[in-house]
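Worksheet: one structure, shown below.
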Amino acid sequence: MSAYLPVESIREGAFHAASRLHGLDLAEVHDVPVCHPDVRVFAVRRGKESIGLLWLDLYARDGKVSGGWMDEYRAAESFRGRVLPLVSINMNVARPAAGATALLSWWDALTFFHELGHALHMLCSKARTPSLGSFTVAPDVLELPSILNERWLTTLEVLERFARHHRTGEPMPKRLVERIEEARVFDPSDGATASLGYLATAFVDLAVHLAADGGEVDPVAVEERALADLGLPPAAEPLHRVTHLRHAFAGIYEDRYAAGYYCYLQADVLAADAAEAFLSSPGGLYDAATAERYRRTILAVGHGVPAAEAFRSFRGRDPDPEALTRRFGRKS
Ligand SMILES: [Zn+2]
Numbered sequence: 000m001s002a003y004l005p006v007e008s009i010r011e012g013a014f015h016a017a018s019r020l021h022g023l024d025l026a027e028v029h030d031v032p033v034c035h036p037d038v039r040v041f042a043v044r045r046g047k048e049s050i051g052l053l054w055l056d057l058y059a060r061d062g063k064v065s066g067g068w069m070d071e072y073r074a075a076e077s078f079r080g081r082v083l084p085l086v087s088i089n090m091n092v093a094r095p096a097a098g099a100t101a102l103l104s105w106w107d108a109l110t111f112f113h114e115l116g117h118a119l120h121m122l123c124s125k126a127r128t129p130s131l132g133s134f135t136v137a138p139d140v141l142e143l144p145s146i147l148n149e150r151w152l153t154t155l156e157v158l159e160r161f162a163r164h165h166r167t168g169e170p171m172p173k174r175l176v177e178r179i180e181e182a183r184v185f186d187p188s189d190g191a192t193a194s195l196g197y198l199a200t201a202f203v204d205l206a207v208h209l210a211a212d213g214g215e216v217d218p219v220a221v222e223e224r225a226l227a228d229l230g231l232p233p234a235a236e237p238l239h240r241v242t243h244l245r246h247a248f249a250g251i252y253e254d255r256y257a258a259g260y261y262c263y264l265q266a267d268v269l270a271a272d273a274a275e276a277f278l279s280s281p282g283g284l285y286d287a288a289t290a291e292r293y294r295r296t297i298l299a300v301g302h303g304v305p306a307a308e309a310f311r312s313f314r315g316r317d318p319d320p321e322a323l324t325r326r327f328g329r330k331s
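The numbers in numbering that gives the first Met the number 0 rise by one with no breaks, and the one at position 310 of the sequence shown is 309.
What follows is the structure, encoded as structure tokens:
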């Protein structure tokens, strides 16, 4: 699989999808400061209009935080004239041997699209002040653009053009493409919010916060009780144990995730429903009118519009939880 996922090609595919959907052009620039020679910078434009800057820090190195994430160095604002957003995508791709091509796992390729989805949310913000910017929305809404953006990796437009063998240039075989989809439908819990491990962690997170009454809480005891109450099968492990659930107390984005680990499930609902808006349009996932509406009603508004209202503006109704069931249960 990885042989068909050269990092540079997948990056181009992700930028290509952003260009087709949102009219964004991302061109590398070399006159912007970087913290390490590995880091590259891309100027983001729509036509002649500058939209912002994107730093790309893809490779693992000593001392770097693990995992993949998006960062917003400076939020967009228009209160005192237009201030452009400055964002970064950070990953820990293994550095290839000299002269070799860096290859991604399927999971890493999805992560790249995920983080670019976050970056697009920040870049497309039309918020008047940073306090109303994209980064300040509730965590479930924050994960909507990122989870949704993963969809474009699996479009034939991206796979056929960009997922090509790093030596032969051959496109990913059709059978392999089919198997990616079959695997997702066969086991939607793989890394997803349908998994018992994720749900157990979400329940424990809520139980710990509900146990707090101003006195001391023994989180490990609460966890034990919550897991026993759930009757979690021994084969299912919570995704995070309470002692290392950073979301619960350690302050990811201040305390906005407190008791909010369940938000990824709601984010999955929002993303599945939003994807159906595209899929039911004439142009499918590349439908220009739907992309424009999505940009205007969701990406651009930041926290300036209540999230429920923003979603209704996009979809014409409240989110439909059945959209996630359909996503798990059938090909789309
Ligand atoms: Zn995310």
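Glycine included, C-beta positions come from ideal geometry on N, C-alpha and C.
These numbers come from a predicted model, not from an experiment.
The chain-ordered list of residues whose CB is nearer than 6 Å to some heavy atom of ligand 1 reads His113, His117, Glu142, Ser145. According to the DSSP secondary-structure assignment, proline 170 is paired through a beta bridge with Arg163.
DSSP, read as helix, strand or coil, puts methionine 121 in helix. Per DSSP, the unbroken beta strand (DSSP E) holding valine 92 starts and ends at 85-92. Secondary structure note for glutamate 27: it is in no alpha helix (DSSP H), and the uninterrupted beta strand (DSSP E) holding it is 24-28. Listed as beta-bridge partners of methionine 69 by DSSP are Ile88. Taking one beta carbon from each stretch, the region 282-300 and the region 160-176 have fewer than 3 pairs nearer than 8 Å; the two do not touch. Within the same chain, Cβ atoms closer than 8 Å to the Cβ of glycine 22 are found at Arg45, Gly46, the five residues on either side in sequence being excluded. At a Cβ-Cβ threshold of 8 Å, glutamate 222 and valine 203 count as neighbours.
Counting along the chain, phenylalanine 313 sits inside the alpha helix (DSSP H) bounded by residues 306-314. For the pair leucine 238 and threonine 200, the CB atoms are nearer than the 8 Å cut-off.
With fewer than 16 other beta carbons inside 10 angstroms of its own, cysteine 34 counts as exposed. Burial is judged here by how many other beta carbons sit within 10 angstroms of a residue's own beta carbon; tyrosine 72 has fewer than 16 and is exposed. Leaving aside the five residues that flank leucine 147 on each side, the residues in its chain whose CB is nearer than 7 Å to its CB run, in chain order, Gly116, Ala270, Ala273, Ala274. Around the beta carbon of phenylalanine 111, 16 or more other beta carbons sit within 10 angstroms, so the residue counts as buried.
In the three-state DSSP reduction, aspartate 37 falls in the coil class, being neither helix nor strand. Between arginine 81 and glycine 132, the alpha-carbon positions lie close to 13 Å from each other. For tyrosine 58, the enclosing beta strand (DSSP E) begins and ends at 48-58. Positions of the alpha helix (DSSP H) runs, each at least 4 residues long and wholly inside the region 127-165, are given as 138-141, 143-148, 155-161 in order along the chain. For isoleucine 9, the enclosing alpha helix (DSSP H) covers residues 6-21. Distances from the CA of serine 18 to each of Ser87, Arg60, Cys123 were compared; the closest alpha carbon is that of Cys123.
Alanine 42 carries a strand assignment under DSSP once its states are collapsed to helix, strand and coil. A residue is called buried when at least 16 other Cβ atoms come within 10 angstroms of its Cβ; tryptophan 106 does not meet this threshold and is exposed.
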